[in-house]
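Chemist: Per the numbering used here, numbering of the sequence shown is gapless, rising by one per residue and ending at 468.
Just so you know, even glycine gets a beta-carbon here, dropped at the ideal spot from N, CA and C.
Please see the structure below; I have some questions.
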Amino acid sequence: MSGLAFALETHPGLKRPKNEDAVGHALTPWGGVFVVADGMGGHRTGEVAARLAVEMILENLRNVDPSPRALLQAFEKANERIYQEAQRPENRGMGTTATCLLLDLPYALIAHVGDSRAYLLRKGELTLLTEDHSWVAERVRQGLLSPEEAKTHRWRNVITNALGSFSQARVDLMGLKLEPGDVFLLCSDGLSGVLEDRTLGEVLKSFPPEEAARRLVALANEWGGPDNVSAIVVRLPEELPQGGRPYALPLEAARGAPVRLKLGEEPEELPTQVLEPKRSRVRLNWRDALLVLLWVVVVAYILLGYFKRP
């Protein structure tokens with residue numbers, strides 16, 4: 159795609175022995191596909207899950223007409239593949255985040271699972287497009303934690319949604335109409351969890367994609383590099399083609415604002431990978447309940463007989 163500039167960077171960081179992040183891209187006649195994934199489940203399984211997510215998503219989007227349904231199906235196929243691998247005893251706990259930018263110029267579609275992120279820099283203003291699927295982020299949205307408390311909470315790395323954790327995927331879908339010169343940043347939490355959004359915006363404004371991606375990863379490592387760190391920076395050309403996709407009607411109506419997309423087929427509720435600790439409860443099966451009932455009846459009979467004696 160003429161005029162499209164982009165760069166991908168990933169690094170193990172300074173504290174982890176291996177890099178369980180993965181990044182990938184594929185150029186298409188309509189723009190391109192860009193994916194970042196952050197694996198979990200151990201050094202080997204996390205690395206495999208992230209790689210499978212990137213490979214499966216790219217494979218299923220490379221040669222199809224772009225649409226929200228195609229994007230969702232790519233994530234579902236990736237989830238199915240990783241879930242199958244996770245059923246092996248040695249892969250217990252395998253899963254991965256995944257955030258994908260699908261460019262169908264002049265539109266962008268984004269699919270998201272986990273706590274990797276997608277940002278948009280437009281006219282000097284940085285906007286976070288995705289919502290983290292993490293324990294602390296959900297508590298912040300509920301007003302139970304402040305953003306400052308979330309940054310240092312002991313469960314800040316606990317995610318509540320991941321590809322491969324369950325047989326069905328729970329995917330956030332969104333889209334927007336693009337403007338010339340828009341810049342996207344996709345990143346793992348090894349970047350967004352270390353650098354402030356203000357710093358991300360300044361780097362994206364000041365440097366072209368290749369230099370911006372390199373500097374962002376370097377800055378995360380300068381600030382300790384506590385996790386694997388990945389960044390994909392995509393800058394759109396100054397001239398964009400005219401649109402005309404059937405799915406884009408709500409995007410046109412929103413005049414460039416992000417729009418949440420629903421296909422009407424996702425279940426209302428799916429189990430999450432990690433829930434709040436459950437309070438212990440006494441649960442009785444029917445046999446236990448029957449014994450308790452008989453005990454109550456016997457005690458009542460004895461007491462009734464006692465009080466009836468002259």
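Going by the CB atoms, is the gap between residue 267 and residue 278 shorter than 8 Å?
Modeler: Locating residue 278 in the sequence shown gives position 120, where the first residue counts as 1. Locating residue 267 in the sequence shown gives position 109, where the first residue counts as 1. No, these two residues do not count as a Cβ contact at 8 Å.
Chemist: Thinking C-beta only, is residue 190 closer than 8 Å to residue 178?
Modeler: Counting from one through the sequence shown, the residue named residue 178 turns up at place 20. Counting from one through the sequence shown, the residue named residue 190 turns up at place 32. Contact: no.
Chemist: Comparing C-alpha positions only, which one of 378, 319, 372 sits nearest to residue 195?
Modeler: Counted from its first residue, the sequence shown places residue 195 at position 37. Looking at the Cα atoms, 319 is the closest of the given residues.
Chemist: Tell whether a beta-carbon distance below 8 Å holds between residue 253 and residue 207.
Modeler: As a position in the sequence shown, residue 253 is number 95, starting the count at 1. As a position in the sequence shown, residue 207 is number 49, starting the count at 1. In contact: residue 253 and residue 207 (Cβ atoms closer than 8 Å).
Chemist: Measure the C-alpha to C-alpha separation of residue 257 and residue 245 and round it to an integer number of angstroms.
Modeler: Taking the sequence shown and counting its residues from 1, one reaches residue 257 at position 99. Taking the sequence shown and counting its residues from 1, one reaches residue 245 at position 87. Each residue's alpha carbon lies about 23 Å from the other.
Chemist: Return the CA-CA distance between residue 322 and residue 211, expressed in angstroms with no decimal places.
Modeler: Translated into positions along the sequence shown, residue 322 becomes position 164. Translated into positions along the sequence shown, residue 211 becomes position 53. C-alpha separation (whole angstroms): 9 Å.
Chemist: Residue ranges of each beta strand (DSSP E) run of no fewer than 3 residues wholly in the segment 366 to 420, ordered along the chain?
Modeler: List check, beta strand (DSSP E) in window: 387 to 393.
Chemist: Pairs of beta-carbons, one from the segment 221 to 230 and one from the segment 160 to 174, closer than 8 Å: are there three or more?
Modeler: No, because fewer than three Cβ pairs between the segment 221 to 230 and the segment 160 to 174 fall closer than 8 Å, the two stretches do not touch.
Chemist: Spell out a yes or no on whether the segment 330 to 348 and the segment 380 to 397 are touching, meaning 3 or more CB-CB pairs, one atom from each, closer than 8 Å.
Modeler: Touching, yes, given that three or more Cβ pairs across the two stretches are closer than 8 Å.
Chemist: Taking 8 Å as the cut-off, does the segment 404 to 420 touch the segment 179 to 188 (at least 3 CB pairs, one atom from each stretch)?
Modeler: Result no; under three Cβ-Cβ pairs closer than 8 Å.
Chemist: Between residue 348 and residue 386, which are expected to be in contact by the criterion C-beta below 8 Å, what is the C-beta distance as a whole number of angstroms?
Modeler: As a first step, residue 348 is located in the sequence shown; it is residue number 190 there, counting from the start. As a first step, residue 386 is located in the sequence shown; it is residue number 228 there, counting from the start. Right, the Cβ-Cβ distance comes to about 5 Å (below 8 Å), so this counts as a contact.
Chemist: Let me check understanding here. Comparing Cα to Cα, which of 243, 371, 333, 220 lies closest to residue 270?
Modeler: Sequence index remark: in the sequence shown, residue 270 carries index 112 (1-based). Comparing Cα positions, the closest option is 333.
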